[in-house]
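Below is one structure; the comments refer to it alone.
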Ligand SMILES: [Zn+2]
């Protein structure tokens, strides 16, 4: 576990914020659910922090319902928290439901909960902003996949998203926030400069996907959308110097299925399909 600053801690994918009398958890993570025991996991670390500080875990905030951020939720629900907070579309059924930007003071901690849809297909993404510390928790929205547009050296050449136009809108909203520190839902920590850059590279990539999808669709009215999606994908991968072997591996798949179809194509499709609707 890392103490990030003052009252903010990070264990794997889970952020804990220490209030006056309790702890607020953002995203339970999934390590304990996978290993089927709390031992050596973020759940153990954070319940230990709760014990040492003498502050129960009272609030759990979910940035979205993807299982790699929520599978540990039952371990925390067992502790009888005061509230599980999330977007009203969140499939985990939070008790406190968010449907618009909400400013909330929980146990002395000021929080802004901002709906930022575009990543999760449930439309249930929220970001958390701590105005006192100027810390931004953007959930899974920040996915630059590399330090700049020309160099995608992460797992994929593109972000994993489901609704491109809403995603671009949400990225604008996050870039408008004055933050000193950003902690993603995968536990990546950025200072203000690198954080803005990472959000901008994400935005640049999604904008390029949108523009390419629009152009190629217009120029090739008789081609299938699946074919055009592949052209867009290959072009982005080339422009971003993504490793060609890794690219082929994403298309062919592995024992977990095909990563291209599962993670990379839905976002491209969202632009291609929306375009055909707007033509009617
Ligand atoms: Zn996610």
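In this note's numbering, the protein residues as written are 229 to 508. Idealized CB from N, CA, C, for every residue including glycine. Being a predicted model, the structure only gives us computed values, none of them experimental.
contact_flag[the stretch 370-389, the stretch 428-436] where n(CB pairs < 8 angstroms) is 3 or more: yes
Opposing strand residues paired with residue 338 [DSSP bridges]: 333
Limits of the unbroken beta strand (DSSP E) element including residue 360: Per DSSP, residue 360 is not a residue of any beta strand (DSSP E), being assigned neither H nor E.
Straight-line Cα distance separating residue 457 from residue 508: Unreliable positioning characterises residue 508 in this predicted model, as indicated by a pLDDT of 46, which lies under 50. A coordinate reading is not provided.
Endpoints, alpha helix (DSSP H) assigned at residue 424: 420-447
contact_flag[the stretch 363-370, the stretch 385-402] where n(CB pairs < 8 angstroms) is 3 or more: yes
Inter-stretch contact at 8 angstroms, needing at least 3 Cβ pairs: the stretch 309-323 / the stretch 258-277: Result no; under three Cβ-Cβ pairs closer than 8 angstroms.
Identified DSSP bridge partners for residue 409: 363 and 419
heavy atom of ligand 1 below 7 angstroms from residue 315 C-beta: no
In DSSP terms, what residue 231 is bridged to: 237
8 angstroms CB neighbourhood of residue 463 in its chain, flanking five on each side removed: 440
Closest by C-alpha distance to residue 388, when choosing among 298, 347, 280 and 320: 347
Counted within 10 angstroms of its Cβ, other Cβ atoms place residue 498 as buried (16 or more) or exposed: buried
Beta carbon shell of ligand 1 at less than 5 angstroms from a heavy atom: If you measure from each CB to the nearest heavy atom of ligand 1, the residues under 5 angstroms come out as 294 and 368.
For residue 457: DSSP bridge partner residues: None, per the DSSP bridge assignment.
Helix, strand or coil at residue 552 according to DSSP, with G and I counted as helix: Outside the displayed range of the chain (229 to 508) lies residue 552, so it cannot be described from this structure.
Beta-ladder partner(s) of residue 242, from DSSP: 239
Beta strand (DSSP E) segment containing residue 254, residue limits: 251-254
Spatial distance of residue 290 from residue 486 (CA atoms): 27 angstroms
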